[in-house]
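*Asks:* Residue numbers (my numbering): 3 to 298.
1. Would you mind sorting residue 228 into buried or exposed? The rule is 16 or more other CB atoms within 10 Å of its CB.
2. Can you find the residues in the same chain that come closer than 8 Å, C-beta to C-beta, to residue 237, ignoring five residues on each side of it along the sequence?
3. So, for residue 3: in the same chain, excluding its five sequence neighbours on each side, which residues have a beta-carbon less than 7 Å away from its beta-carbon?
4. Is residue 153 near residue 136, with beta carbons less than 8 Å apart?
5. Using only CA atoms, which one of 170, 291, 235 and 213 lies nearest to residue 119?
6. Return the residue from the list 223, 247 and 269 that minimises the CA-CA distance to residue 289.
7. To the nearest angstrom, report how far apart residue 14 and residue 26 are at their CA atoms.
8. Just list the beta strand (DSSP E) runs in the region 83 to 108, keeping only unbroken ones of 3 residues or longer that don't cross its boundaries, in chain order.
9. So, do the region 249 to 266 and the region 65 to 80 have three or more beta carbon pairs nearer to each other than 8 Å?
10. Specify the secondary structure class of residue 139 as computed by DSSP and reduced to three states.
11. What's the gap between the Cα of residue 226 and the Cα of residue 47?
12. Judging by CA-CA distance, which residue of 204, 10, 159 and 89 is the nearest neighbour of residue 182?
13. Could you tell me which residues DSSP pairs with residue 47 in its beta bridges?
14. Around the Cβ of residue 275, are there at least 16 other Cβ atoms within 10 angstroms (buried) or fewer (exposed)?
15. If we call anything under 8 Å between Cβ atoms a contact, is residue 283 one with residue 233?
16. Please go through the same chain and pick out, in chain order, the residues whose beta-carbon is closer than 7 Å to the beta-carbon of residue 269, but skip the five residues on each side of it.
17. Less than 8 Å between C-beta atoms, sequence neighbours within five positions excluded: which residues of the same chain meet that for residue 163?
18. Would you kindly work out how many angstroms separate the C-alpha atoms of residue 132 and residue 151, rounded to a whole number?
19. Pull up the CB-CB distance for residue 41 and residue 273, whole angstroms please, since I reckon it's below 8 Å.
20. Starting from residue 207 and walking both ways along the alpha helix (DSSP H), at which residues does that stretch end?
21. Does residue 36 pass the burial test, meaning 16 or more other C-beta atoms within 10 Å, or should it be called exposed?
22. Helix, strand or coil: how does DSSP classify residue 176 here?
23. Do you know whose CA, among 230, 174, 16 and 105, lies nearest residue 83's CA?
24. Relative to the alpha-carbon of residue 239, which residue among 50, 102 and 74 has its alpha-carbon at the smallest distance?
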């Protein structure tokens with residue numbers, strides 16, 4: 003009798019694996035890789051529609067000479083330097099407290115802190131805009147407590163408008179990062195903390211000698227994710243401050259949107275700005291990963 007020819011078990015496994023991979027590869031290529039390559043090519047061109055012409059690095063040079071784009075970079079760096087550390091520290095503190103099995107109503111507090119992350123980006127921006135309005139809750143409370151003599155227009159002053167965005171970001175994303183830290187803390191035996199307590203370690207020493215070192219990979223991951231998100235910030239600038247006053251609180255993504263869809267679109271120039279953001283994100287991620295490795 004002749005043996006039937008067919009695929010071996012290993013061949014069938016490989017065929018099954020490729021069967022799952024190929025559709026994903028096609029979709030990623032069509033909707034991610036191809037647009038990225040197309041945008042890169044467009045960033046070296048100028049013009050509109052079918053009249054695009056090669057212009058070399060002129061779009062990138064123009065970005066560095068554009069006062070509004072430079073201001074948007076400064077704003078994003080300002081948000082990054084202040085908001086990200088504050089948010090991650092608060093998330094780590096909340097996670098450490100709510101990981102303690104002795105704390106009552108842990109589930110309620112975890113949900114309450116995470117809940118802002120589940121709200122709509124537009125909805126929460128509108129809420130904060132009304133809170134910090136001239137006749138909003140914050141002004142009314144400050145005047146009743148005697149902190150302010152008259153209503154202060156937070157959204158019409160450069161520094162206060164940026165601070166409102168930072169407060170909104172911290173409120174919304176602290177719970178999101180807290181969940182990552184809680185997941186990391188679940189993998190740490192609670193007996194480690196009990197042993198430290200028996201040895202006489204204070205809460206401060208336990209936090210910095212046990213919690214932080216053991217959560218280092220998670221902290222690095224959330225730092226990179228938060229940096230990436232902050233440099234691509236759009237909704238808060240668009241819906242909360244409208245980029246104002248003037249362009250004092252505008253972000254890079256908001257400015258790219260304005261240049262792309264308001265007035266005459268300039269997709270070559272906006273593509274160049276987009277790749278500048280990509281370069282910034284990549285450089286900061288490499289630096290953060292390098293710092294994390296050096297501290298091992």
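Cβ atoms here follow ideal geometry from the backbone N, Cα and C, with glycine treated the same way.
*Replies:* With the structure as the only source:
1. Locating residue 228 in the chain shown gives position 226, where the first residue counts as 1. So residue 228 ends up on the buried side.
2. In the chain shown, residue 237 corresponds to position 235, counting from 1. Excluding positions up to five away in sequence, the list reads 123, 124 and 127.
3. Within the chain shown, the letter at position 1 stands for residue 3. Residue confidence is low: residue 3 scores 46 on pLDDT, short of 50, so the model does not pin down where it sits. No coordinate-derived value is stated.
4. Locating residue 153 in the chain shown gives position 151, where the first residue counts as 1. Locating residue 136 in the chain shown gives position 134, where the first residue counts as 1. In this structure, residue 136 lies closer than 8 Å to residue 153 by Cβ.
5. To locate residue 119, count along the chain shown from 1; it is residue 117. The residue with the shortest Cα to Cα distance from residue 119 is 170.
6. By 1-based counting over the chain shown, the position of residue 289 is 287. Considering only alpha carbons, the answer is 223.
7. Residue 14 sits at position 12 when you count from the first residue of the chain shown. Residue 26 sits at position 24 when you count from the first residue of the chain shown. Rounded to the nearest angstrom, the two C-alpha atoms are 19 Å apart.
8. none
9. yes
10. Here the question's residue 139 lines up with position 137 in the chain shown. Residue 139: helix per DSSP, three-state reduction.
11. Along the chain shown, one-based indexing puts residue 226 at 224. Along the chain shown, one-based indexing puts residue 47 at 45. Those two C-alpha atoms are separated by around 31 Å.
12. To locate residue 182, count along the chain shown from 1; it is residue 180. Closest by alpha carbon: 89.
13. Along the chain shown, one-based indexing puts residue 47 at 45. According to DSSP, residue 47 bridges with 56.
14. If you number the chain shown from 1, residue 275 lands on position 273. Under this definition residue 275 is a buried residue.
15. Translated into the one-based positions of the chain shown, residue 283 becomes position 281. Translated into the one-based positions of the chain shown, residue 233 becomes position 231. Going by C-beta atoms, residue 283 is nearer than 8 Å to residue 233.
16. Counted from its first residue, the chain shown places residue 269 at position 267. Within the same chain, Cβ atoms closer than 7 Å to the Cβ of residue 269 are found at 44 and 262, the five residues on either side in sequence being excluded.
17. Here residue 163 refers to the residue found at position 161 of the chain shown. Excluding residues within five positions, the ones whose Cβ falls inside 8 Å are 156, 157, 243, 246, 247, 250 and 251.
18. As a working mapping, residue 132 is identified with position 130 in the chain shown. As a working mapping, residue 151 is identified with position 149 in the chain shown. Cα-Cα distance, rounded: 20 Å.
19. Locating residue 41 in the chain shown gives position 39, where the first residue counts as 1. Locating residue 273 in the chain shown gives position 271, where the first residue counts as 1. Contact holds; Cβ gap of about 5 Å.
20. Along the chain shown, read from residue 1 onward, the residue named residue 207 stands at position 205. Run containing residue 207: 205 to 208, per the alpha helix (DSSP H) assignment.
21. For the purposes of this step, residue 36 is taken as the residue at position 34 of the chain shown. Looking at its Cβ environment, which holds fewer than 16 other Cβ atoms inside 10 Å, residue 36 is exposed.
22. In the chain shown, residue 176 corresponds to position 174, counting from 1. If DSSP states are grouped into helix, strand and coil, residue 176 belongs with the helices.
23. Residue 83 sits at position 81 when you count from the first residue of the chain shown. Nearest C-alpha to residue 83: 230.
24. Residue numbering aside, residue 239 sits at position 237 when the chain shown is read from its first letter. Out of 50, 102 and 74, 74 has the C-alpha closest to the C-alpha of residue 239.
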